[in-house]
Amino acid sequence: MLVLGIETSCDETGIALYSTESGLLSHALYSQVRMHEEYGGVVPELASRDHIRRVLPLTRQVLDQAGLALTDLNAIAYTEGPGLAGALLVGASIATSLGFALQCPVIGVHHLEGHLLAPLLEPAPPDFPFVALLVSGGHTQLMRVDGVGRYVLLGETLDDAAGEAFDKSAKLMGLGYPGGPALAKMAETGRLGRFKLPRPMLRSHDLNFSFSGLKTAVLTATRAQEFDMARRADLAAEVQEAITEVLAAKSLAALQQTGLERLVVAGGVGANARLRARLSLAAPKMGASVYYPKLEFCTDNGAMIAFAGAMRLQHAKEEYGFSVHPRWDLAQLEAP
Ligand code: KG4
Ligand code: ZN
Numbered sequence: 421m422l423v424l425g426i427e428t429s430c431d432e433t434g435i436a437l438y439s440t441e442s443g444l445l446s447h448a449l450y451s452q453v454r455m456h457e458e459y460g461g462v463v464p465e466l467a468s469r470d471h472i473r474r475v476l477p478l479t480r481q482v483l484d485q486a487g488l489a490l491t492d493l494n495a496i497a498y499t500e501g502p503g504l505a506g507a508l509l510v511g512a513s514i515a516t517s518l519g520f521a522l523q524c525p526v527i528g529v530h531h532l533e534g535h536l537l538a539p540l541l542e543p544a545p546p547d548f549p550f551v552a553l554l555v556s557g558g559h560t561q562l563m564r565v566d567g568v569g570r571y572v573l574l575g576e577t578l579d580d581a582a583g584e585a586f587d588k589s590a591k592l593m594g595l596g597y598p599g600g601p602a603l604a605k606m607a608e609t610g611r612l613g614r615f616k617l618p619r620p621m622l623r624s625h626d627l628n629f630s631f632s633g634l635k636t637a638v639l640t641a642t643r644a645q646e647f648d649m650a651r652r653a654d655l656a657a658e659v660q661e662a663i664t665e666v667l668a669a670k671s672l673a674a675l676q677q678t679g680l681e682r683l684v685v686a687g688g689v690g691a692n693a694r695l696r697a698r699l700s701l702a703a704p705k706m707g708a709s710v711y712y713p714k715l716e717f718c719t720d721n722g723a724m725i726a727f728a729g730a731m732r733l734q735h736a737k738e739e740y741g742f743s744v745h746p747r748w749d750l751a752q753l754e755a756p
């Protein structure tokens, strides 16, 4: 079965073709970063309009790459939520129209389920059950994953997401948008130990997170008299250290608490090299293995949506109405 995946939940148009027999056949991504850059963040209306321009040309591109035609498709998967309402509606309406025209089933996919299952696209995927650390721009959650659609929330952020903490700190430091990769780059030349930042909820004895206090500490540091641009790298390194220390500690605690031996890291912040280094060092010491998606499938992409859609083919809708869920709780999903 051949599934087309369409991701339009935020500022990236991702399109991919996944075959249940041969795996991922082709994928393409258009990032709107340049367009939103001058506004310092994503402008929802501009995002929707741009997705409209990109979806069909990228669809043609992935079909050409795979040497296939629209009529070869067996199903179309799109991101149903969570995300920006207008942006989601673009993917949902194009997917549904294509499905109607081709008389093939259409599958609405939960964006976070896409992220969560992305490591299964790798050549040596983890078996179920596993613990998943889901760290994106809007979500920070630890889940117990027993199978597709069988998710138990173990802990989550009480305020800002880890990606948001990266983005907001970067903004305060004048690093622009998107902040995570920019801050991580700057941290490479920074020296640790020159700033003291909190490790929020590190010892809270649960699996929840809180990152909003961190940006206040960063703001205070940037306003200190002795702060100058030369010290931005030191502060960047310290911010990255604080966020990744808490994420790693809680992920290991989740492994301990559940007794599971596999940890999957998914979502944009999963691309962070410091986080990966910490987990890859600490997890084996407790007999656990860590699994990551390829870097390009950590951040938003069409491959994860095509794959999650393929996992839910039996649930594909035969009728061609559609809806989107700008807010959507992952733990409420049911197994296919
Ligand atoms: O999963 P994602 O692409 O989109 C959402 O679903 O939100 O995650 C985007 C988030 C942003 O906050 C971005 O700054 C962060 O992931 N991010 C990073 C890195 N790459 C992306 N944060 C830290 N280090 C990175 N290398
Ligand atoms: Zn995402």
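In the numbering used here, the protein residues as written are 421 to 756. C-beta atoms are modelled at their ideal positions from N, C-alpha and C, and glycine is treated no differently.
His535: member of the alpha helix (DSSP H) spanning His531 to Leu537, first to last residue. Collapsing the DSSP output to three states places Met563 in a strand. The residue from Val744, Leu483 and Arg732 with its alpha-carbon nearest to that of Glu754 is Arg732. Of the residues assessed, Gln561 falls on the buried side of the cut-off, its CB having 16 or more other CB atoms within 10 angstroms. A distance filter of 5 Å between CB atoms and the heavy atoms of ligand 2 selects the following residues in sequence order: Ser556 and Asp720. Across the set Ala507, Asp566, Ser556 and Ser439, the C-alpha of Ser556 shows the shortest separation from the C-alpha of Asp587. In this structure, DSSP gives Phe615 a state outside helix and strand, which the three-state scheme calls coil. Taking a contact to require three or more Cβ pairs closer than 8 Å, the segment 648 to 667 and the segment 510 to 525 do not qualify as touching. In this structure, DSSP gives Leu490 a helical state, which the three-state scheme calls helix.
In the three-state reduction of the DSSP assignment, His735 falls in the helix class. Of the residues assessed, Tyr459 falls on the exposed side of the cut-off, its CB having fewer than 16 other CB atoms within 10 angstroms.
When distances are taken from the beta-carbon of Asn628 to the heavy atoms of ligand 1, even the shortest one reaches 8 Å or more.
Ranked by Cα distance from Leu592, the first of Ser632, Phe629, Phe631 and Thr642 is Thr642. Placement of the Cβ of Ser429 at a distance of less than 8 Å from at least one heavy atom of ligand 1 is found. Taking non-hydrogen atoms of ligand 1 into account, the C-beta of His530 is found less than 8 Å away from none of them. In the DSSP annotation of this structure, the continuous segment of the beta strand (DSSP E) that includes Gly501 starts and ends at Ala495 to Gly501. Pairing Val710 with Leu750 gives a Cβ-Cβ distance that is not under 9 Å. With a cut-off of 8 Å on Cβ pairs, the segment 686 to 697 is not in contact with the segment 506 to 521, counting fewer than three such pairs. By the beta-carbon neighbour count (other beta carbons within 10 angstroms, threshold 16), His625 is exposed. It is roughly 14 Å from the alpha-carbon of Ser671 to the alpha-carbon of Ala697. Straight-line spacing of the CA atoms in Thr479 and Glu457 works out to 26 Å.
Minimum Cα-Cα distance from Ala544 among the listed residues Pro713, Gly722, Gly501 and Phe629 corresponds to Pro713. Taking a C-beta distance under 9 Å as the contact criterion, Ala497 and Ala726 qualify as a contact pair. Annotation: the continuous beta strand (DSSP E) that includes Phe550 extends over Phe550 to Val555. Within the model, the alpha-carbon separation for Thr428 versus Tyr438 is close to 17 Å.
Note on geometry: alpha-carbon atoms of Asp579 and Met563 lie some 17 Å from one another.
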